[in-house]
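Q: Chains as they are written, first to last, in this note's numbering: chain A, 43 to 495; chain B, 43 to 495; chain C, 43 to 495; chain D, 43 to 495.
Protein chains: 4
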Amino acid sequence: MSLLGPLFRWDALEPLLSDRARVQGMLDFEAALARAEARASVIPATAARVVSRCCIAERFDVDALGVEASVAGNPAIPVVKALTALVAKDDPEAARYVHWGATSQDAMDTGLVLQLRPALGALDAELERLADVLAALADRHRSTVLAGRTWMQQAGPTTFGLKAAGWLDAILRHRVRLRDLRSRALVLQLGGAVGTLAALGDKGLEVATAVAEELRLALPALPWHAHRDRPAAVATVLGLGAGTLGKIARDVALHAQTEVGELAEPEAPGRGGSSTLPHKQNPVASAVVLAAATRIPGLVATMLAAMVEEDERALGAWHAEWETLPEIVSLFGGALHHLTDALSGLRVDEVLMAANLETTRGLVFAEAVQMALAPRTGRAAAQRLVEAACRSARADGRHLREVLAGDAEVARHLSPADIGPLFDARRYLGASDGMIDRVLAAHRAASAKPGES
Amino acid sequence: MSLLGPLFRWDALEPLLSDRARVQGMLDFEAALARAEARASVIPATAARVVSRCCIAERFDVDALGVEASVAGNPAIPVVKALTALVAKDDPEAARYVHWGATSQDAMDTGLVLQLRPALGALDAELERLADVLAALADRHRSTVLAGRTWMQQAGPTTFGLKAAGWLDAILRHRVRLRDLRSRALVLQLGGAVGTLAALGDKGLEVATAVAEELRLALPALPWHAHRDRPAAVATVLGLGAGTLGKIARDVALHAQTEVGELAEPEAPGRGGSSTLPHKQNPVASAVVLAAATRIPGLVATMLAAMVEEDERALGAWHAEWETLPEIVSLFGGALHHLTDALSGLRVDEVLMAANLETTRGLVFAEAVQMALAPRTGRAAAQRLVEAACRSARADGRHLREVLAGDAEVARHLSPADIGPLFDARRYLGASDGMIDRVLAAHRAASAKPGES
Amino acid sequence: MSLLGPLFRWDALEPLLSDRARVQGMLDFEAALARAEARASVIPATAARVVSRCCIAERFDVDALGVEASVAGNPAIPVVKALTALVAKDDPEAARYVHWGATSQDAMDTGLVLQLRPALGALDAELERLADVLAALADRHRSTVLAGRTWMQQAGPTTFGLKAAGWLDAILRHRVRLRDLRSRALVLQLGGAVGTLAALGDKGLEVATAVAEELRLALPALPWHAHRDRPAAVATVLGLGAGTLGKIARDVALHAQTEVGELAEPEAPGRGGSSTLPHKQNPVASAVVLAAATRIPGLVATMLAAMVEEDERALGAWHAEWETLPEIVSLFGGALHHLTDALSGLRVDEVLMAANLETTRGLVFAEAVQMALAPRTGRAAAQRLVEAACRSARADGRHLREVLAGDAEVARHLSPADIGPLFDARRYLGASDGMIDRVLAAHRAASAKPGES
Amino acid sequence: MSLLGPLFRWDALEPLLSDRARVQGMLDFEAALARAEARASVIPATAARVVSRCCIAERFDVDALGVEASVAGNPAIPVVKALTALVAKDDPEAARYVHWGATSQDAMDTGLVLQLRPALGALDAELERLADVLAALADRHRSTVLAGRTWMQQAGPTTFGLKAAGWLDAILRHRVRLRDLRSRALVLQLGGAVGTLAALGDKGLEVATAVAEELRLALPALPWHAHRDRPAAVATVLGLGAGTLGKIARDVALHAQTEVGELAEPEAPGRGGSSTLPHKQNPVASAVVLAAATRIPGLVATMLAAMVEEDERALGAWHAEWETLPEIVSLFGGALHHLTDALSGLRVDEVLMAANLETTRGLVFAEAVQMALAPRTGRAAAQRLVEAACRSARADGRHLREVLAGDAEVARHLSPADIGPLFDARRYLGASDGMIDRVLAAHRAASAKPGES
């Protein structure tokens with residue numbers, strides 16, 4: 043795709059976002075417009091047929107269109123001009139009816155929607171693949187204990203299954219958002235010069251309805267040339283999704299640190315190497331995802347800022363969308379795809395997970411001790427008591443269990459036989475299992491309704 | 043509220059976003075937690091009663107909490123400490139059970155949700171008021187013609203009713219988004235230290251269910267301490283809404299320009315004056331709304347960037363939300379309220395709207411002429427013909443009608459009697475009326491289902 | 043360049059930002075490194091010669107490098123590998139010394155700096171061209187009166203020369219910022235794996251000094267692998283510049299509105315047309331510049347957010363820069379170039395400028411009247427008096443002069459002979475001329491010191 | 043300051059950014075304007091004296107000003123009105139000359155500059171304190187070895203001194219940027235209604251020069267009401283600084299992880315505790331700094347986006363700055379202050395730093411081995427050889443040294459006596475020491491020129 047494309051993008055998605063696809067989107071609009079106008083007896087049926095069969099992007103010179111677009115101010119003008127010329131070669135009479143009653147933005151916006159439809163479909167399918175991968179991790183590791191970390195400090199035991207379930211739970215919400223988006227944002231744009239469809243006389247709504255049918259798009263109440271919440275919502279939904287992908291990648295990267303070692307991205311020859319360090323196995327997918335999660339928020343802000351459009355069609359703000367929205371889709375797709383691949387082969391070191399729970403010499407079980415004391419002492423008093431024990435353990439480099447065993451105040455409430463099991467992670471997992479079940483059930487329910495998404 | 047508060051904010055909303063409301067939100071959580079734990083026999087019923095009745099923000103010293111929060115790292119720690127002390131005064135035994143099994147973020151996040159609930163409710167009510175105002179404008183001005191403008195140039199005739207209907211249509215979509223948000227984002231946070239509810243032993247899900255009932259919040263599948271798509275979605279939905287408010291304000295400001303004069307914000311003594319210019323009537327509400335629309339995208343980007351959280355609870359990213367999300371709500375609310383007020387009293391100068399359609403000496407009707415010629419000449423040829431006439435009209439300072447009347451080529455297709463009506467805006471409004479009807483119907487349908495929002 | 047490239051970008055700049063240029067940048071680094079190491083007797087002189095002559099981007103397959111980069115995680119790794127193979131074909135012995143002691147990021151960052159050097163030079167030259175155009179406008183139009191507008195309302199008379207001088211003054215400041223940037227941001231990156239240059243033994247600083255000399259780059263105190271303020275400062279300086287370009291474009295667009303008509307972008311066949319409207323002459327350059335000014339702030343935010351890098355080299359944050367910084371340079375360059383072209387041929391309608399000063403029937407001279415009264419009545423009283431007259435003029439549709447002539451209170455202070463000249467814009471221009479002189483002098487001074495930039 | 047203020051802000055800075063300080067800034071402008079106008083014989087000297095002595099913010103009711111500002115559209119209008127009334131009580135004649143010839147934005151912008159002056163001064167002093175702390179760390183720990191980490195993986199040995207020197211080096215660059223900023227951004231705003239100073243007749247530049255003198259501010263070539271690069275540059279410079287603060291905090295947080303343990307923020311009673319976890323010592327300062335570094339980029343983007351202002355004074359864009367720029371200053375100041383405090387008491391665990399270098403069983407020294415082999419085998423061959431050894435070591439859980447010792451190919455080039463020292467971190471630090479010296483010298487040089495900053 044280019045020097046950085048294969049790293050940052052998803053090869054299955056890029057063709058949908060290419061210049062050629064953009065031209066094809068506009069041509070699909072022009073073809074459908076002609077057919078719809080023929081159905082409404084606005085233009086002759088023959089003309090519609092000829093126009094339709096000329097609407098093939100490969101027959102257009104993208105670079106030449108680009109040069110003309112730089113004079114005209116948008117690419118639809120040269121596309122319409124080139125299409126008219128192409129049609130004229132076949133049938134001069136048909137050429138009279140090209141782009142009848144429409145405006146550049148009708149072609150560009152509808153073309154964009156036509157590009158987004160398969161792109162969002164591909165993203166949803168990939169989100170489903172990711173969800174399946176995460177569901178398998180959640181289920182397989184429901185008893186794999188590791189240290190839960192808060193503020194980047196070990197806090198207490200949890201399971202890797204629960205962590206994966208948390209990732210999955212968020213992905214399921216993004217699938218719902220994407221489903222809503224696909225039903226709401228993928229609508230026809232057709233308004234003519236100022237959004238009244240005046241050039242179609244009294245046939246405006248009839249034609250619009252027919253174009254929507256031709257393209258299997260919803261018909262909006264009125265044109266949205268200068269009301270950009272629909273494309274901006276595509277940006278925000280993917281922006282939210284990128285945040286979750288970034289969160290998962292951050293977790294993977296933190297767990298893959300040399301000193302932690304609990305997770306690793308899949309190995310492959312040359313993968314994550316270094317130009318100088320022979321021992322390196324860098325988490326490449328995490329880097330790609332984190333880069334996307336760093337870049338997308340600013341791009342979303344651009345889409346939101348560009349919503350402040352003037353009058354019936356904006357000057358500059360609309361232009362600001364043209365490269366920005368496809369870039370968001372592309373970066374999100376790349377991150378999603380590479381993350382899904384990496385998680386499919388995620389290496390989980392259960393032994394190190396368990397071993398790292400010993401790093402603190404028992405401090406990570408402090409809350410368990412506290413909650414055992416609390417019914418006897420009250421929560422706050424128990425917290426103070428255990429805090430003191432932790433300080434003492436830390437100062438002397440002793441295991442918290444030993445310190446507690448030697449503490450007279452503790453001894454009044456807990457026997458040595460009470461204390462031992464408090465340091466068993468498997469006994470302090472609370473509702474972890476039940477929570478995993480809840481998420482897996484939601485995942486199964488979501489997967490069972492493919493029709494809805 | 044402060045030097046700039048009354049200008050930028052909405053006085054009905056600010057109390058819901060105050061420090062005191064934030065403390066009360068945490069206290070409401072603590073009270074509900076205690077009651078729920080009593081129901082589940084985790085703590086004594088008496089303790090729950092005492093805790094509950096101490097949970098009144100007015101009994102706490104916000105400034106002192108702030109100082110302690112700066113040491114502890116979050117405000118929930120001193121709130122719990124102060125609450126424990128307060129309860130202890132009433133009933134030392136009850137004090138043993140304060141904040142049982144919960145973590146700071148449970149209190150803070152649930153408290154935030156409890157603040158957002160009435161805030162989002164107020165925003166929806168105000169959006170409905172705005173929708174009503176816009177619906178009235180759309181209906182009243184369905185025959186008020188004015189120049190539609192694209193790229194900040196007069197393009198063709200439209201109606202002010204259609205413009206208002208376009209604004210309304212977008213607002214209706216934001217109401218749907220807000221309705222979804224209220225049903226999805228307002229959920230309980232309860233997970234304990236690392237999200238397992240381990241401190242509640244095997245009563246975790248039972249307690250969580252009961253707390254959700256107490257607070258009338260939905261129970262999520264699992265805690266969302268480090269999964270921030272829900273609060274971030276509040277930001278994005280309001281961000282999308284702010285874009286539309288900004289678009290409306292931009293339109294008002296453009297139409298209120300001295301040389302345009304078609305719209306004006308309501309007059310009031312001192313409103314929009316100047317410290318030096320005696321004649322000024324500045325569009326203050328537009329300024330306020332445009333400022334908000336300029337500020338909110340960057341804040342939304344912050345919320346998205348902050349989604350990349352570490353492990354079970356993040357370091358810094360979570361903190362980044364604390365002031366940012368309320369700021370978005372506040373700025374959006376201020377913009378919405380001031381815009382609604384201004385549009386309620388919007389002055390519409392129908393005479394100037396009609397008069398400005400004459401500014402171009404007929405050029406604004408060029409497409410009407412072209413579409414009259416097109417059936418005879420083809421669309422592209424008609425466009426070339428009319429382009430030439432426009433150039434000629436511009437060069438000689440003549441009315442396009444006159445130029446056309448003297449054009450031999452045009453005369454072959456259009457008689458003078460054909461040409462005259464092409465310059466009547468009312469005859470070139472296309473589907474404007476039908477589109478307005480469609481939006482008004484959608485508005486009525488939305489208003490009829492208050493239960494759903 | 044592509045479908046949208048010619049519209050949004052500057053053809054003279056794009057080759058400097060291409061994939062090929064990026065590869066060449068890395069190769070230039072590798073060649074300089076080899077030569078420097080030969081000078082320091084770290085590697086054999088023959089090896090350096092062979093490496094040097096292989097460092098030609100055309101000999102590399104960019105797409106193949108891209109595919110390998112997606113596995114390795116960065117493009118320097120395959121570049122070094124391919125270079126090593128290429129060198130080996132010529133001289134297997136020389137191939138032993140390719141990339142000696144350096145790390146991927148050394149090649150990529152220094153390569154970026156080598157791309158930025160001519161790019162920033164081109165931008166400065168184009169800024170100078172813009173400054174010259176603006177200086178000519180400021181001088182030529184120092185007596186061209188028009189309405190100064192505040193809050194999008196006519197406020198008082200000013201000159202178009204002063205407006206152009208204001209634009210110029212800002213551009214001069216950006217030239218200073220760019221000059222500073224070029225002297226500060228264009229520094230060598232060379233640190234080896236963790237920034238210690240350990241692989242070069244005790245020759246590290248000697249080699250680094252020699253590489254800096256080879257490439258005519260400054261030598262930093264230490265490597266900046268994870269300290270990104272230099273590249274981020276490139277982003278912020280261009281971000282500030284984009285704000286000014288956007289401000290100028292906004293001004294042009296507002297003055298080019300149909301109802302204002304004071305300015306117009308140059309005409310050319312097909313320029314700013316429409317796919318349906320035959321009379322349209324859209325301000326294309328303004329649209330392009332406003333689009334860039336809308337997009338760049340979000341990209342700058344990305345560069346700032348990406349500064350939070352981990353340890354000696356970051357995971358993801360560094361990656362986030364790779365496409366973002368070149369995009370900022372490219373968008374800024376496109377906007378700058380197209381704006382400069384448009385302003386070079388800017389059409390200024392002095393007659394309409396003067397005529398629009400009459401739109402308000404004298405209200406635009408209200409301050410002039412007030413300041414004539416103020417010495418007699420005090421400023422606040424004068425303001426109240428004129429405010430009342432303005433209200434009366436507005437209500438009755440009369441010229442402010444008439445209203446004042448009939449006002450008894452005014453008559454006590456000003457005779458009709460006093461009042462008349464107050465409505466002459468040329469008499470109420472204050473220090474406009476002197477300010478223009480000050481800016482033009484600064485421009486001349488800046489142009490006289492080409493050596494400094 | 044409020045519930046979150048003490049945590050996120052710096053108490054020494056907040057008074058400079060308060061509402062009262064904002065009012066005082068405007069009053070200082072009004073006082074200086076009056077004195078300057080008296081010097082230029084524009085208004086009577088007595089009037090200037092009375093105005094001057096009334097310009098004390100404590101005499102104004104900030105809340106009442108806020109309410110009036112919400113009607114007027116900006117706070118300068120009610121300030122001028124209230125000041126006029128106050129002066130009138132003392133001397134009705136003097137009241138006639140309040141705010142003579144100025145506009146609201148003159149007062150607000152100059153007032154802002156007067157607030158920024160001490161605020162930026164305080165920030166520079168605190169940056170110097172931070173630089174001193176870092177210089178001490180760099181010097182003290184120049185021989186403290188630890189693992190350098192890239193892509194969040196151990197890469198090779200470095201020193202903590204070099205890490206601190208890297209932090210310091212960046213801070214020194216920010217001090218230069220801040221010094222430039224203070225000399226360039228702190229300029230007078232005085233232009234009157236449309237920037238011509240017309241209300242001052244032919245005394246405009248004389249008065250402006252005198253006001254600048256009174257306030258010890260630079261006099262710009264012309265007013266910058268709608269040219270906002272100066273305030274936006276304040277935002278970008280602090281934005282760059284925030285990136286570095288965030289980078290340092292990220293480093294501290296990563297090194298403070300439970301499994302790493304090399305650094306810790308200072309301990310204090312209650313500091314970084316938890317509402318439920320008795321053993322927690324959260325890095326609170328790091329969280330605060332990272333939050334600021336997450337928030338500031340979006341705010342900077344707002345300042346850049348707001349630069350696209352209309353005509354002589356903007357509608358909304360200027361308003362967008364009013365709360366945003368002080369917020370940036372405040373968040374940056376809070377982060378800087380809390381980070382400096384934390385680093386002043388930073389706990390460095392040299393033993394763990396050394397111990398963690400053993401985590402990889404020698405892999406972290408792979409490059410050292412490779413560079414010992416490379417002169418014999420060539421760099422690429424050496425890399426392949428060591429890569430294989432690393433794989434083998436990893437697979438078998440053996441120390442790399444052992445694997446190498448048993449490798450026949452390695453034995454051809456390196457004897458056991460050669461291999462041993464390659465695993466001594468102290469022998470593989472390259473130019474670390476020299477680099478530290480370079481940065482410390484730069485720090486001393488910067489500190490020696492207080493006059494320049």
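A virtual CB, placed ideally from N, CA and C, is assigned to each residue, including glycine.
Going by DSSP, what residue range makes up the alpha helix (DSSP H) through A/T318?
A: Indexing the first sequence from 1 puts residue 318 of chain A at position 276. It is not in any alpha helix (DSSP H) - A/T318 carries neither H nor E in the DSSP assignment.
Q: Terminal residues of the continuous alpha helix (DSSP H) containing B/T300?
A: Locating residue 300 of chain B in the second sequence gives position 258, counting from the first residue. Neither: B/T300 is in no alpha helix (DSSP H) and is coded neither H nor E.
Q: Below 6 Å CB to CB, which residues in the same chain sit around D/V236 once its five sequence neighbours on both sides are set aside?
A: If you number the fourth sequence from 1, residue 236 of chain D lands on position 194. Excluding residues within five positions, the ones whose Cβ falls inside 6 Å are E354.
Q: Measure how close the beta-carbons of D/V342 and D/G281 come, nearest whole angstrom, since I'm counting them as under 8 Å.
A: Indexing the fourth sequence from 1 puts residue 342 of chain D at position 300. Indexing the fourth sequence from 1 puts residue 281 of chain D at position 239. Contact flag correct, Cβ pair sits at about 4 Å.
Q: Anything in chain C within Cβ reach of B/N324, meaning under 9 Å, just list it in chain order.
A: Taking the second sequence and counting its residues from 1, the one referred to as residue 324 of chain B is at position 282. Result: T192, W193, M194 and Q195.
Q: Go to C/R191, then tell me how far its beta strand (DSSP E) extends in each direction, as first and last residue.
A: Within the third sequence, residue 191 of chain C is the residue found at index 149, counting from 1. Note, C/R191: beta strand (DSSP E), V187 to T192.
Q: Relative to the C-alpha of A/L346, which residue among B/L332, B/P199, B/A348 and B/V350 is closest?
A: The count along the first sequence starts at 1 and reaches residue 346 of chain A at position 304. The shortest Cα separation from A/L346 among B/L332, B/P199, B/A348 and B/V350 belongs to B/L332.
Q: Suppose you measure from the CA of B/A275 to the CA of A/P273; what does that come to, to the nearest Å?
A: Here residue 275 of chain B refers to the residue found at position 233 when the second sequence is read from its first residue. Here residue 273 of chain A refers to the residue found at position 231 when the first sequence is read from its first residue. CA-to-CA, the gap between B/A275 and A/P273 works out to about 16 Å.
Q: Relative to chain A, which residues along the stretch 359-382 of chain C have a C-beta separation below 7 Å, given in chain order?
A: If the cut-off is 7 Å between Cβ atoms, the stretch 359-382 of chain C has A359, H361, A362, W364, E365 and T366 near chain A.
Q: May I ask you to list, following chain order, the residues of the stretch 59-75 of chain B that have a beta carbon less than 8 Å from some beta carbon of chain D?
A: D61, R64 and V65
Q: I need the DSSP call for B/L45, collapsed to helix, strand or coil.
A: Residue 45 of chain B sits at position 3 when you count from the first residue of the second sequence. If DSSP states are grouped into helix, strand and coil, B/L45 belongs with coil.
Q: Can you name, in chain order, every residue of its own chain whose Cβ lies under 6 Å from the Cβ of D/G246, other than the five neighbours on each side?
A: Residue 246 of chain D sits at position 204 when you count from the first residue of the fourth sequence. So the qualifying residues of the chain are L239.
Q: Output yes if chain D places a C-beta closer than 9 Å to the C-beta of C/H441; else output no.
A: Taking the first residue of the third sequence as 1, we reach residue 441 of chain C at position 399. Nearest CB-CB separation between C/H441 and chain D: not below the 9 Å threshold.
Q: Kindly indicate if chain G contains any beta-carbon less than 9 Å away from that of A/R337.
A: Note that chain G does not occur in the displayed structure, where the protein chains are A, B, C and D.
Q: Alpha carbon to alpha carbon, how far is C/R219 from D/R219?
A: Locating residue 219 of chain C in the third sequence gives position 177, where the first residue counts as 1. Locating residue 219 of chain D in the fourth sequence gives position 177, where the first residue counts as 1. Per the coordinates, the alpha-carbon of C/R219 lies some 11 Å from the alpha-carbon of D/R219.
Q: Is the CB of C/D105 under 9 Å away from at least one CB in chain A?
A: As a position in the third sequence, residue 105 of chain C is number 63, starting the count at 1. Closer than 9 Å to some Cβ of chain A, the Cβ of C/D105 qualifies, so yes.
Q: So the alpha helix (DSSP H) B/G476 belongs to, where does it begin and stop?
A: Translated into positions along the second sequence, residue 476 of chain B becomes position 434. From DSSP, the alpha helix (DSSP H) with B/G476 extends over S474 to A490.
Q: Within 9 Å of any Cβ in chain A, is that where the Cβ of B/D466 sits?
A: Mapped onto the second sequence, residue 466 of chain B falls at position 424. For B/D466, the answer is no, since every Cβ of chain A falls outside 9 Å of its Cβ.
Q: Per DSSP, what kind of secondary structure is D/R443 in: helix, strand or coil?
A: The residue you call residue 443 of chain D lines up with position 401 of the fourth sequence. Residue state, collapsed to three classes: helix.
Q: With DSSP run on the structure shown, which of helix, strand or coil describes D/V390?
A: Here residue 390 of chain D is taken as the residue at index 348 of the fourth sequence, counted from 1. In the structure shown, D/V390 sits in a strand (DSSP, three-state: E or B).
Q: Output needed for D/L179: all residues of its chain with C-beta closer than 6 Å, excluding positions within five of it in sequence on either side, in chain order.
A: As a working note, residue 179 of chain D is residue 137 in the fourth sequence. Within the same chain, D/L179 has close Cβ partners A206.
Q: I want to see whether chain B comes within less than 9 Å of C/V428, judged by CB atoms only; does it?
A: Against the third sequence, residue 428 of chain C aligns to sequence position 386. Yes, C/V428 lies at the interface with chain B (some Cβ there is under 9 Å from its Cβ).
Q: Rounded to whole angstroms, what's the CA-CA distance from C/L257 to B/D148? Just pull it up for me.
A: Start at 1 with the first residue of the third sequence, and residue 257 of chain C comes out as number 215. Start at 1 with the first residue of the second sequence, and residue 148 of chain B comes out as number 106. Going by the C-alpha atoms only, they are around 57 Å apart.
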